[in-house]
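Residue numbers (this note's numbering): 959 to 1219. A short worksheet on the structure shown next.
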Amino acid sequence: MARHQSKPVKIVYSREMEKRYPTNPVENPDRVSLPAEMLEGLEFIEPIPADLEDIARVHGPEHIGRVKTSGLYDAAVLAAGGAICAAEQAVGGDPAFALIRPPGHHASSNRAWGMCFFNNMAIAVQKIRPKAERVLIIDIDLHFGDGTVSIFRGDRNVKIVNPWSVDENFEYLNMDQSRYLAQVKEAFLGFDCDIVGVSAGFDTYLEDWGGLLKREDYREIGKAIREGSEEECMGRRFALLEGGYHPDLGWCIKSFIEGFR
Ligand SMILES: [Zn+2]
């Protein structure tokens, strides 16, 4: 595939993401408000909440009912709507980063944990599926994206790669930065995709729980995914914020976007 002129990344964000809701205090509004300030200068797009129909493509009625009674529904549907917005931008040829919370990759169809409620990535992917059938999901969060994997199990048109930092049993693995980056690049091998979605968690950061990746490593990861998408799917790519809890989160996101741009 010919290389395409790279366009600047659009940031999907709403001040509504800064609202407080009942969750673990580490998953707080600063996680999005501070990065949003740092990204001023890029084009911002205001998302709308996902429809119930969009949520119901992925989650069962019991799970949706539980989220509704938890006081989290408005926040969760807005995050999912942000994910859809980013994916639709990417389908249209504009790379996008959704600065959203709560995260989503631990949410499966009928269960959620780990500060996740609705699976933003799966909801976005199912929404754009008519236009982008084959989807590569690269999950760079420290934690294994068990919810996303369970939702797409058996779907041969979706490939999910969790570069190893912790395994499926959440055991920490020995890893270094270069091996991690190599796994990101290898994600593109052996699978023709129409679009790439990144579950962009930043808790593998050196000062965060994972203790592995430096800020500049995120630039290299973003660049590797941009280049892979330019080779494989005309540069169609989007990223959704997942975890990342250190005050340097904004720097990590900024660095990622410098490569992903
Ligand atoms: Zn995580």
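We put the CB at the ideal spot given by N, CA and C, even for glycine. Note that the coordinates shown come from a computational prediction; the quantities given were computed from them, not determined experimentally.
Counted within 10 angstroms of its Cβ, other Cβ atoms place residue i as buried (16 or more) or exposed
{"i": "Cys1210", "result": "buried"}
{"i": "Met959", "result": "In this predicted model, Met959 has a pLDDT of only 44, less than 50, meaning its place in the structure is not dependable; the value taken from the coordinates is given anyway. Per the 10 Å Cβ criterion, exposed."}
{"i": "Asp1113", "result": "exposed"}
{"i": "Thr944", "result": "There is no way to answer for residue 944, as the model of the chain reaches only from 959 to 1219."}
{"i": "Ala1140", "result": "exposed"}
{"i": "Val1116", "result": "buried"}
{"i": "Val984", "result": "exposed"}
{"i": "Pro1121", "result": "buried"}
{"i": "Ser1136", "result": "exposed"}
{"i": "Val1023", "result": "Residue 1023 is actually Gly in this sequence, not Val. So Gly1023 counts as exposed."}
{"i": "Arg978", "result": "exposed"}
{"i": "Pro1205", "result": "exposed"}
{"i": "Pro1007", "result": "buried"}
Check: residue i C-beta below 6 Å from any heavy atom of ligand 1
{"i": "Gly1018", "result": "no"}
{"i": "Asp1152", "result": "no"}
{"i": "Leu1100", "result": "yes"}
{"i": "Asp1097", "result": "no"}
{"i": "Asp1161", "result": "yes"}
{"i": "Gly1201", "result": "yes"}
8 Å contact criterion, which residue i and residue j should meet: CB distance rounded
{"i": "Ala1197", "j": "Val1142", "result": "Actually they do not touch by this definition, with Cβ atoms about 12 Å apart."}
{"i": "Pro1060", "j": "Ala1034", "result": "6 Å"}
{"i": "Phe1055", "j": "Ile969", "result": "6 Å"}
{"i": "Val990", "j": "Glu976", "result": "6 Å"}
{"i": "Tyr971", "j": "Leu1057", "result": "4 Å"}
{"i": "Gly1217", "j": "Arg1184", "result": "6 Å"}
{"i": "Gly1159", "j": "Asp1099", "result": "3 Å"}
{"i": "Arg1194", "j": "Val1049", "result": "6 Å"}
{"i": "Gly1017", "j": "Ser1067", "result": "For the sequence presented, residue 1017 should be read as His rather than Gly. Yes, His1017 and Ser1067 are in contact; Cβ-Cβ is about 6 Å, under 8 Å."}
{"i": "Pro1053", "j": "Lys965", "result": "6 Å"}
beta-carbon residue i near ligand 2 non-hydrogen atom, thresh 6 Å
{"i": "Gly1103", "result": "Although ligand 2 was asked about, the structure shown includes only ligand 1 as ligands."}
Test: residue i CB closer than 7 Å to a CB of chain D
{"i": "Leu1036", "result": "Of the protein chains in the structure, only one exists, and it is not chain D."}
State whether the region 1088–1108 contacts the region 1036–1044, with contact taken as three or more CB pairs (one from each stretch) at a distance under 8 Å. no
- Message: Within 8 Å, do at least three Cβ pairs link the region 1078–1092 to the region 995–1004?
- Response: no
Say whether the region 1195–1202 touches the region 1155–1168, bearing in mind that this needs 3 or more beta-carbon pairs closer than 8 Å, one atom from each stretch. yes
What residue ranges within the region 1172–1211 form continuous alpha helix (DSSP H) runs of no fewer than 4 residues, ordered along the chain?
1173–1190
- Ignoring anything shorter than 4 residues or poking outside the region 1096–1135, list the alpha helix (DSSP H) runs there in chain order. 1104–1110
Item to complete: Assess, as a yes-or-no matter, whether the region 1146–1156 is touched by the region 1065–1077 under the definition of 3 or more beta carbon pairs within less than 8 Å.
Response: no
Query raised in the report: What alpha helix (DSSP H) runs, 4 residues minimum, are completely inside the region 1019–1046?
Result: 1019–1026
Query raised in the report: What are the start and end residues of each continuous alpha helix (DSSP H) run of 4 or more residues lying completely inside the region 1054–1089, in chain order?
Result: 1078–1086
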